[in-house]
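Participant: Each residue of the sequence shown is one higher than the one before, counting from 284 in this note's numbering.
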Amino acid sequence: MKRKTIITVLLIVVLSLSVLSACNNELDNDVKDPTNGLDPNSEPVSSLTIPSPTDDLAVVHGRIVDEETGKAPQNSVYLAENVTAGKPDLPAYLSFSHMSSPKAEVDENGFFYFKDVPKGEYAIMLFVPGGNPIFIDNGKTDDTMDYLWVNAVPNETLDMGTIYVP
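Here's what the structure looks like:
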């Protein structure tokens, strides 16, 4: 009888230790949570410092996030110049080079800025290496659907707000 009691006590101790160990693992996972205990419903904050424009160049900034995940896109963000801007009789013709077109600095929350943007009209695009670029539209579904145009003006800062991408 005494032996049965000892075995029962040992089983209870082992089960208790297992439960405590599982609880401790859950606490460890909470500590590793990237939100660092922040309220997931709180607004994200930019880690970027928006630069000042210059006499000859503009600054464009905002936030760009995937509409499904709410996270920053995995692709690089560029501006493609509309080389037919100001010529209403010609369709938009976009020029882009991953070597020379303005490229955004983007943080982990999707906040971005383009600095030193020459005067002109641009479309925001996501660069897909080896694939087709993704041009951001203006979000409209009627006859006014078009690219989301950026009009860079020297010595000005343009806030694009939050841009949702597919």
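Yeah, the Cβ is synthetic: ideal placement off N, Cα and C, and Gly gets one too.
In this text, all values refer to a predicted model and were calculated from it rather than measured experimentally.
#1: Buried or exposed for Val328, going by 16 or more other Cβ atoms inside 10 Å?
#2: Give a yes or no on whether the C-beta atoms belonging to Ala406 and Val433 are separated by under 9 Å.
#3: Classify Met382: buried if its beta carbon has 16 or more other beta carbons within 10 angstroms, exposed otherwise.
#4: Tell me which residue opens and which closes the beta strand (DSSP E) that Ala435 is part of.
#5: Whose C-beta lies closer than 7 Å to the C-beta of Ser378 among residues of the same chain, with five residues either side of it excluded?
#6: With a threshold of 7 Å on Cβ separation, who are the neighbours of Ala368 within its own chain once the five nearest residues in sequence on each side are excluded?
#7: Suppose only complete runs of 4+ residues qualify. What are the alpha helix (DSSP H) ranges in the segment 347-402, listed by chain order?
#8: For Val448, which residues in the same chain have their Cβ closer than 8 Å to its Cβ, ignoring the five residues on either side in sequence?
#9: Roughly how many angstroms separate the alpha carbons of Thr464 and Gly422, rounded to a whole number?
#10: What separation, rounded to the nearest whole angstrom, lies between the Cα atoms of Ala387 and Asp426?
#11: Work out the CA separation of Leu340 and Pro385 for me, nearest whole Å.
#12: Going by alpha carbons, who is nearest to Ser380 out of Val389, Pro412, Lys370?
#13: Determine which residues share a DSSP beta bridge with Thr440 and list them.
#14: Is the beta carbon of Pro374 less than 9 Å from the beta carbon of Asn438?
#15: Do you know offhand how far Gly414's Cα is from Asn358's?
#16: Do Thr440 and Val360 have their C-beta atoms within less than 9 Å of each other?
#17: Restricting to Cα atoms, I'd like to know which of Asp338, Lys354, Tyr376 is closest to Asn392.
#18: Can you say whether Lys398 is buried or exposed, counting buried as having 16 or more other CB atoms within 10 angstroms of its CB?
Facilitator: In short, the structure shows the following:
#1: exposed
#2: yes
#3: exposed
#4: 432-435
#5: Ala363, Glu364, Val366
#6: Gly403, Glu404
#7: none
#8: Ile347, Val348, Asp349, Glu350, Pro356, Leu409, Ile417, Ile419
#9: Coverage of the chain is limited to positions 284 through 449, which leaves residue 464 absent and any answer about it impossible.
#10: 30 Å
#11: 11 Å
#12: Pro412
#13: Val342
#14: no
#15: The C-alpha of Asn358 is placed about 11 Å away from the C-alpha of Gly414.
#16: no
#17: Nearest to Asn392 by C-alpha distance, out of Asp338, Lys354, Tyr376, is Lys354.
#18: buried
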